[in-house]
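In this text, residue positions in the sequence shown follow the working numbering: the first is 104, and each later residue adds one. All C-beta atoms, glycine included, are put in the ideal place defined by N, C-alpha and C. Notes follow the structure.
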Amino acid sequence: MGGPRFQQRIPVFGLAYMPGGSKGGIEIQGYASHARDLDVRRFKDLCTRHCLLALDGWIFLPIAYPSITDEPKQCQQLVLSFIGRFITSDVPSSLSWLEAEILRLGRRLLRPFTIAEAAAHLKVTDRHVRRILYRLVDLQLLEVVSGQQRYRTYKIRMN
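Below, the structure is given as structure tokens:
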């Protein structure tokens, strides 16, 4: 049975990744539908589609289906690096390192976080973290998610 490998028709399969208002997409593309059987009109349509999505702020990671089966570790590294672009972003240079690290924590968690979580991450007291969080709220970099008189959870503010 040393004949040519059976070639499946794998359509485009896409995953949207939208943390904090960012727009990322991972597309798994089949060989038949994107290379072998592609006519000129379909090729132009695909290019136009990618152009329009790029103009709308989307970043895409196209992965060939044969790469998933042949080089799964390389694909895993590509996906992890792609996700890393969204959770590691610059912070204003005017912030202290503690303030910047709280913002990075919030971006990594992609969910509201508590004072205790921030204090444990920074290895400082709750009281010290509370002062930093108040400042970040004043700078409109964080917003309060729960608590009226005593703030309980915070999240990254989406502009």
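Quick check for students: name the residue ranges of the alpha helix (DSSP H) that lie wholly in the region 169-242, counting only runs of 4 or more.
175-190, 200-212, 218-225, 229-241
Rounded to the nearest angstrom, what separates glycine 160 and lysine 126 at their Cα positions?
Position 57 of the sequence shown, counted from the first residue, corresponds to residue 160. Position 23 of the sequence shown, counted from the first residue, corresponds to residue 126. Cα-Cα distance, rounded: 6 Å.
If we count the other Cβ atoms within 10 Å of its Cβ and call it buried at 16 or more, is valine 232 buried or exposed?
If you number the sequence shown from 1, residue 232 lands on position 129. Looking at its Cβ environment, which holds 16 or more other Cβ atoms inside 10 Å, valine 232 is buried.
As assigned by DSSP and simplified to three states, the class of lysine 258
Working through the sequence shown from its first residue, we reach residue 258 at position 155. It is a strand residue.
Is there contact here, the region 238-251 with the region 203-213, by at least three beta-carbon pairs under 8 Å?
yes
Under 9 Å between the Cβ atoms of leucine 141 and glycine 128?
Translated into the one-based positions of the sequence shown, residue 141 becomes position 38. Translated into the one-based positions of the sequence shown, residue 128 becomes position 25. No.
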